[in-house]
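The structure appears below as structure tokens.
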Amino acid sequence: MRLIIACMLSVALVGPSAAAANITGLWKSERGVLARVAECGDAFCVTIVSGKFHGRTIGRFDGDNGSYEGRITDPNTDRHYAGSARVEGTSMIVRGCALKVFCKSQVWTKQ
């Protein structure tokens, strides 16, 4: 009986952390812009849903288990960069790199 309860508790504890690594949903950037990440085909697309660039898709990522790679666009300059995203709980570290040397990162918060 103790073994069954222990197994049930371990499943209950693992479930929320696995769900928290999900990239889909509404995210808020460091500058307060809201973006929705949703499945688009076999990837995940990032679309701005507030502010000046509302409705514009700025990223496309492939991956799972909280780690994603792809392309991201700076909507202010319309420049495209190699991008990555790593989900850790309710935070997502979004990184864009030019020539894989010049990189910038932001921490987005899940809404």
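Residue numbering for the sequence shown is -20 to -1, 1 to 91, as defined by mature numbering (1 follows the signal peptide of the UniProt record, and there is no 0). Ideal Cβ positions, reconstructed from N, Cα and C, are used throughout, including at glycine. Just so it is clear, the structure is predicted and the values come from calculations on it, not from any experiment.
Rounded to the nearest whole angstrom, the CA to CA distance from Phe82 to Tyr61 is 10 Å. Take the alpha-carbon of Phe41 and the one of Ser9: they are about 17 Å apart.
Around the Cβ of Val26, a 10 Å sphere holds 16 or more other Cβ atoms; the residue is buried. Residue environment for Ile3: buried (at least 16 other C-beta atoms within 10 angstroms of its C-beta). About 6 Å separates the beta carbons of Ala1 and Asn45, which is inside the 8 Å limit, making them a contact pair. Residues of the same chain with a CB within less than 6 Å of the CB of Arg16, apart from the 5 flanking positions on each side, are Leu6, Thr27, Val29 in chain order. By the neighbour-count criterion, in which 16 or more other beta carbons inside 10 Å mark a residue as buried, Thr70 falls on the exposed side. In this structure, Ala23 and Gly63 do not form a Cβ contact; the two beta carbons are roughly 12 Å apart against a cut-off of 8 Å. Here the C-alpha atom of Pro55 lies approximately 23 Å from the C-alpha atom of Ser47.
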